[in-house]
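Engineer: Following this message is one structure expressed as structure tokens.
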Amino acid sequence: MNNYGIDIWGDDNFIIEDGVVKVNHTTKPSLIDIVSSLRDDGLTGPLLLRFSHITQKQISKLYDTFNNAILEYNYPSSFYAVFPLKVNQLPNYILPMVQNSTKLNYGLEAGSKAELLLAMTYNNINAPITVNGFKDKEMITLGFIAKDQGYNITLTIEGLNELQTIIEVHNELKLPPPNIGLRVKLHSSGSGTWAKSGGIDSKFGLSSIEILDVLDMLKQYNLVQYLKMIHFHIGSSMSTISPLKKALKESGHIYAQLKKMGAFGLDSINIGGGLGIEYSSHEKNLHYSLKEFASDVVFTLKDIAQKNGVEEPNIFTESGRFISAPGSILIAPTLELYSSEYSELNLRLKDKNPPIIEELNSLFKDISESSAKEYMHDALEHLESILTLFDLGYVDLLDRGNAETLTHLIIKKAINLIDTKDDTELKLLDDKIQEKYLLNFSIFQSLPDFWGINQEFPIMPITHLNKKATRSANIWDITCDSDGEIPFNSKKPLYLHDVDLTKEDYFIAFFLVGAYQDILGMKHNLFSSPTQVNIICNNHGYKIENTIESQSIVEIFEDLDYDKNNLMKNLLNKTNNKLLQQLLKKFINDNSYLKTISMDSSY
Ligand SMILES: Cc1ncc(COP(=O)(O)O)c(C=O)c1O
Numbered sequence: 042m043n044n045y046g047i048d049i050w051g052d053d054n055f056i057i058e059d060g061v062v063k064v065n066h067t068t069k070p071s072l073i074d075i076v077s078s079l080r081d082d083g084l085t086g087p088l089l090l091r092f093s094h095i096t097q098k099q100i101s102k103l104y105d106t107f108n109n110a111i112l113e114y115n116y117p118s119s120f121y122a123v124f125p126l127k128v129n130q131l132p133n134y135i136l137p138m139v140q141n142s143t144k145l146n147y148g149l150e151a152g153s154k155a156e157l158l159l160a161m162t163y164n165n166i167n168a169p170i171t172v173n174g175f176k177d178k179e180m181i182t183l184g185f186i187a188k189d190q191g192y193n194i195t196l197t198i199e200g201l202n203e204l205q206t207i208i209e210v211h212n213e214l215k216l217p218p219p220n221i222g223l224r225v226k227l228h229s230s231g232s233g234t235w236a237k238s239g240g241i242d243s244k245f246g247l248s249s250i251e252i253l254d255v256l257d258m259l260k261q262y263n264l265v266q267y268l269k270m271i272h273f274h275i276g277s278s279m280s281t282i283s284p285l286k287k288a289l290k291e292s293g294h295i296y297a298q299l300k301k302m303g304a305f306g307l308d309s310i311n312i313g314g315g316l317g318i319e320y321s322s323h324e325k326n327l328h329y330s331l332k333e334f335a336s337d338v339v340f341t342l343k344d345i346a347q348k349n350g351v352e353e354p355n356i357f358t359e360s361g362r363f364i365s366a367p368g369s370i371l372i373a374p375t376l377e378l379y380s381s382e383y384s385e386l387n388l389r390l391k392d393k394n395p396p397i398i399e400e401l402n403s404l405f406k407d408i409s410e411s412s413a414k415e416y417m418h419d420a421l422e423h424l425e426s427i428l429t430l431f432d433l434g435y436v437d438l439l440d441r442g443n444a445e446t447l448t449h450l451i452i453k454k455a456i457n458l459i460d461t462k463d464d465t466e467l468k469l470l471d472d473k474i475q476e477k478y479l480l481n482f483s484i485f486q487s488l489p490d491f492w493g494i495n496q497e498f499p500i501m502p503i504t505h506l507n508k509k510a511t512r513s514a515n516i517w518d519i520t521c522d523s524d525g526e527i528p529f530n531s532k533k534p535l536y537l538h539d540v541d542l543t544k545e546d547y548f549i550a551f552f553l554v555g556a557y558q559d560i561l562g563m564k565h566n567l568f569s570s571p572t573q574v575n576i577i578c579n580n581h582g583y584k585i586e587n588t589i590e591s592q593s594i595v596e597i598f599e600d601l602d603y604d605k606n607n608l609m610k611n612l613l614n615k616t617n618n619k620l621l622q623q624l625l626k627k628f629i630n631d632n633s634y635l636k637t638i639s640m641d642s643s644y
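With our numbering as the guide, the letters of the sequence shown map in order to residues 42 to 644.
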């Protein structure tokens with residue numbers, strides 16, 4: 042049976058048992074049980090399930106692996122980690138994460154004033170805050186306020202003007218500055234889609250001469266003690282380890298030289314993000330382990346520090362994707378299978394049909410295991426002929442409809458009869474015999490990285506896993522945009538089940554969606570975020586916490602700055618029928634996803 046690559050990307054977080062996907066934790070609840078209970082509560086649209094134990098597992102893995110490497114190499118300095126808020130700023134995600142990691146002193150990274158204010162509000166007081174990105178005087182002043190609040194905060198400067206502003210604010214407020222970090226423009230760049238965050242012509246960081254200027258300026262203003270950190274970020278989701286090794290050598294030597302030139306307070310290197318996860322359902326794309334990643338960092342920094350006779354730096358990481366991607370799953374109900382309209386009941390054969398239709402009808406009746414492939418080829422060819430004849434005016438719309446229906450029926454029967462596993466010829470036909478699955482979700486809202494940069498996400502049904510999936514699947518979302526589609530890709534094929542939606546539900550899950558997707562998602566066609574819930578697995582089963590329902594249509598309008606009262610008045614005034622007015626009020630207060638259960642019968 043198809044396991045949808047769960048052994049490649051799943052990291053033991055989920056298992057397939059009894060034909061369904063289960064959470065591999067405590068009592069192993071099944072996703073379908075969780076979804077069914079949420080639907081019983083009326084939450085029928087797409088659902089975003091967040092599993093906090095998976096986020097905690099990732100955080101612990103990060104700390105444990107680095108701390109083990111520190112022990113193994115007898116590294117005398119310490120490991121610190123912060124979560125970059127840009128990866129997921131939603132309160133349902135951030136607040137439990139901060140609360141659950143108090144003991145580890147897991148901190149936050151901010152890249153804007155808004156994110157810094159969040160960090161200053163919610164960060165554990167003993168955990169570090171790092172600040173990156175371009176900063177104005179207000180943002181720098183916020184850094185001084187955070188320091189006054191008692192935070193161990195580092196402002197990483199991206200240019201000399203930021204240092205000048207720090208000195209200005211220091212003089213104006215007459216307060217000691219926060220820790221100062223330097224983002225260095227490395228020669229090396231990353232690997233993978235986001236590689237351009239690093240490299241000599243990257244948007245961020247200081248050149249070698251600028252680094253020397255910073256040290257001179259700090260000496261001139263007697264602030265050298267505040268220079269604490271060297272920072273780099275070579276881009277998200279590195280697929281190979283070699284860019285990290287190069288970046289470590291470059292930054293390690295910059296650190297050592299600055300120390301030797303008098304930067305006596307410098308004691309940390311922040312390696313940014315870049316730690317990847319495996320997204321592929323087909324083959325491994327991530328060519329290193331966390332252990333290798335951590336060992337390389339610790340070993341290289343120790344080696345450089347020792348050779349240069351300086352103390353080893355503390356190590357900071359800002360891994361975001363690794364921490365947050367695995368814990369979130371999007372689950373979308375299937376609304377329709379497009380070939381379901383081609384059922385035998387819909388055939389409208391005439392008393393006398395064109396010969397090709399008669400031939401198709403016999404193929405459909407006589408098809409057997411031994412003839413399946415041949416008949417399917419014939420049917421596809423006959424359909425082409427009927428379509429040509431229709432264009433030329435020789436057959437009518439009813440003939441065309443009958444030919445389409447019969448061809449689909451023959452293909453379905455053939456696929457069920459043939460042992461599809463390893464049938465290379467059938468695979469060649471996959472493109473022609475795809476099934477379209479219409480799902481109640483928006484790719485623009487829930488998988489923006491698929492739309493924007495073709496990011497692969499593991500996709501699988503959460504039930505039916507003890508049955509053969511025979512249909513090459515093309516996934517459509519409900520936006521009216523032709524980009525709202527995950528087309529069948531014969532190099533990375535997705536097969537789904539042939540289901541009768543009038544008799545059973547069929548839910549498709551998209552895994553590893555916890556990093557960047559929630560916050561980059563957009564309201565294209567005015568679909569809002571799906572309903573979000575936090576699932577807490579415990580020894581008695583699971584608990585659903587912090588449900589945030591999908592926004593209502595009127596709330597979406599308000600977000601766009603429409604005047605709600607004016608809009609409602611305008612809309613309702615256009616009909617005098619009281620019942621229709623009531624319906625309008627009800628619909629505008631519903632969310633914008635399609636209803637997958639019958640509307641209530643109160644009208
Ligand atoms: C400065 C900085 N740190 C950390 C990260 C997080 O990277 P990742 O998601 O690869 O862990 C980013 C992402 O863009 C970043 O710009």
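For every residue, glycine included, the Cβ atom is placed at its ideal position computed from N, Cα and C. Just so you know, these numbers come straight off a predicted model, no measurement behind them.
#1: Tell me whether I271 is buried or exposed, calling it buried when 16 or more other Cβ atoms sit within 10 Å of its Cβ.
#2: My guess is that F568 and Q486 are in contact by the Cβ rule of under 8 Å, so how many angstroms apart are they, rounded?
#3: Could you give the first and the last residue of the continuous beta strand (DSSP E) run that contains P675?
#4: Since Y192 and I170 should fall inside the 8 Å C-beta cutoff, what is the C-beta to C-beta distance between them, to a whole number of angstroms?
#5: Mapping the DSSP letters down to three states, classify M563 as helix, strand or coil.
#6: Is the Cβ-Cβ distance between V210 and P217 less than 9 Å?
#7: Closer than 6 Å by C-beta to S156: which residues in its own chain qualify, once you throw out the five before and the five after it? Chain order, please.
#8: Between the Cα of D471 and the Cα atoms of L537, G276, K610 and F482, which residue gives the shortest distance?
#9: Would you kindly check if the distance between the Cβ of F548 and the Cβ of L247 is under 9 Å?
#10: Tell me Q573's beta-bridge partners as DSSP assigns them.
#11: State the Cα-Cα distance for the pair T67 and N575, rounded to the nearest angstrom.
#12: Given 8 Å as the limit, tell me if E203 has its C-beta closer than that to any heavy atom belonging to ligand 1.
#13: Are E445 and L424 closer than 9 Å when you measure CB to CB?
#14: Give the DSSP-derived three-state secondary structure of L537 in the structure shown.
#15: Give a single yes or no on whether V128 has its beta carbon closer than 8 Å to a heavy atom of ligand 1.
#16: Go ahead and pull the three-state DSSP assignment for K636.
#17: Give a yes or no on contact between the segment 515-530 and the segment 73-86, applying the rule of three or more CB pairs nearer than 8 Å.
#18: How many Å lie between Y320 and L480 at the Cα?
#19: Output needed for K300: all residues of its chain with C-beta closer than 6 Å, excluding positions within five of it in sequence on either side, in chain order.
#20: Just checking, does the segment 340-356 make contact with the segment 502-520 on the three C-beta pairs under 8 Å criterion?
#21: Please report the Cβ distance between V128 and S365, rounded to the nearest whole angstrom; I am assuming they are in contact, meaning their Cβ atoms lie under 8 Å.
#22: Among the residues of its own chain, which have a CB less than 6 Å from the CB of K188, if the five just before and after it don't count?
#23: Would the beta-carbon of S93 fall within 9 Å of that of M138?
#24: Which residues end up in the neighbourhood of ligand 1 when you take C-beta atoms closer than 5 Å to any of its heavy atoms?
#25: Taking its Cβ as the centre, do 16 or more other Cβ atoms sit within 10 Å of S642, making it buried, or is it exposed?
#26: Quick one: what's got a C-beta closer than 8 Å to E476's C-beta in the same chain, skipping five residues either side?
#27: Assuming the contact rule is C-beta atoms closer than 8 Å, A297 and F273 should be a hit. Round their C-beta distance to whole Å, please.
#28: Which residue marks the beginning of the beta strand (DSSP E) containing K477, and which one marks its end?
#29: Could you tell me the distance, in whole angstroms, from the CA atom of K615 to the CA atom of D604?
#30: Measure the beta-carbon distance from N109 to F120 and round it to whole angstroms, keeping in mind my assumption that it falls under 8 Å.
#31: Looking only at its own chain, which residues have a Cβ that is under 8 Å from the Cβ of L390, when we skip the five neighbours before and after it?
#32: Could you give the distance in angstroms between the alpha-carbon of Y644 and the alpha-carbon of I372?
#33: Could you check what DSSP says for N580 in three-state terms: helix, strand or coil?
#34: With Y121 as the anchor, note down where its beta strand (DSSP E) starts and where it stops.
#35: Taking the beta carbon of G303 as the centre, do at least 16 other beta carbons fall within 10 Å, making it buried, or is it exposed?
#36: If you run the structure through DSSP and keep just helix, strand and coil, what is G152?
Structural biologist: The relevant details are as follows:
#1: buried
#2: 5 Å
#3: Lying before the first or after the last residue shown, residue 675 is absent from the chain, which here runs from 42 to 644.
#4: 5 Å
#5: coil
#6: no
#7: Residue 156 is actually Glu in this sequence, not Ser. Excluding positions up to five away in sequence, the list reads L126.
#8: L537
#9: No. Outside cutoff.
#10: L89 and I589
#11: 16 Å
#12: no
#13: yes
#14: strand
#15: yes
#16: coil
#17: no
#18: 21 Å
#19: The answer, listed in chain order, is L307 and V351.
#20: no
#21: 5 Å
#22: Same-chain partners within the cutoff: I194 and P219.
#23: yes
#24: The set of residues whose C-beta lies within less than 5 Å of a heavy atom of ligand 1 reads, in chain order, P125, N173, H274, S277, G313, G314, G315, E359, S360, G361 and R362.
#25: Its pLDDT being 46, under 50, S642 is placed unreliably in this model, and the coordinates cannot settle the point.
#26: Hits under 8 Å: L378, Y379, S380, R512, S513, A514, N515, L537 and D539.
#27: 15 Å between Cβ atoms; not a contact.
#28: Here the beta strand (DSSP E) through K477 covers E476 to L480.
#29: 17 Å
#30: Actually they are not in contact, since the Cβ atoms of N109 and F120 sit about 10 Å apart, beyond 8 Å.
#31: I398, N402 and N443
#32: Below a pLDDT of 50, predicted positions are generally treated as unreliable, and Y644, at 49, falls in that range; the measurement from the model is reported next regardless. Straight-line Cα distance between these residues: approximately 30 Å.
#33: Residue state, collapsed to three classes: coil.
#34: F120 to P125
#35: exposed
#36: coil
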